[in-house]
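Trainee:
Numbering (this note's numbering), first residue to last: 12 to 100.
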């Protein structure tokens, strides 16, 4: 006589009840938290540059623009601007 195996398909096995799938809490993993924290620190540190609050514009106004004026005035007087006496270098 053959013995029939009973299968209960509707119930989940006991071994899979406590498994956590990686897609459920991916944002709580240490690697993600470290990367997100590093990203936020970078954004906070570079916020004046990212939001254009003056770093790029001030650099143009304070360094590039005065030298261009000096060079244009020197060339108008037919002298080549080898040295800028206003740069303190």
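Every residue, glycine too, gets a C-beta built ideally from N, C-alpha and C.
Could you tell me the alpha carbon to alpha carbon distance between residue 46 and residue 36, rounded to whole angstroms?
Mentor: The residue you call residue 46 lines up with position 35 of the chain shown. The residue you call residue 36 lines up with position 25 of the chain shown. The straight-line gap from Cα to Cα measures roughly 15 angstroms.
Trainee: With DSSP run on the structure shown, which of helix, strand or coil describes residue 77?
Mentor: Here residue 77 is taken as the residue at index 66 of the chain shown, counted from 1. Helix at residue 77.
Trainee: From residue 57 to residue 50, what does the alpha carbon distance come to, in whole angstroms?
Mentor: Counting from 1 along the chain shown, the entry for residue 57 is found at position 46. Counting from 1 along the chain shown, the entry for residue 50 is found at position 39. Approximately 11 angstroms, taken between the alpha carbons.
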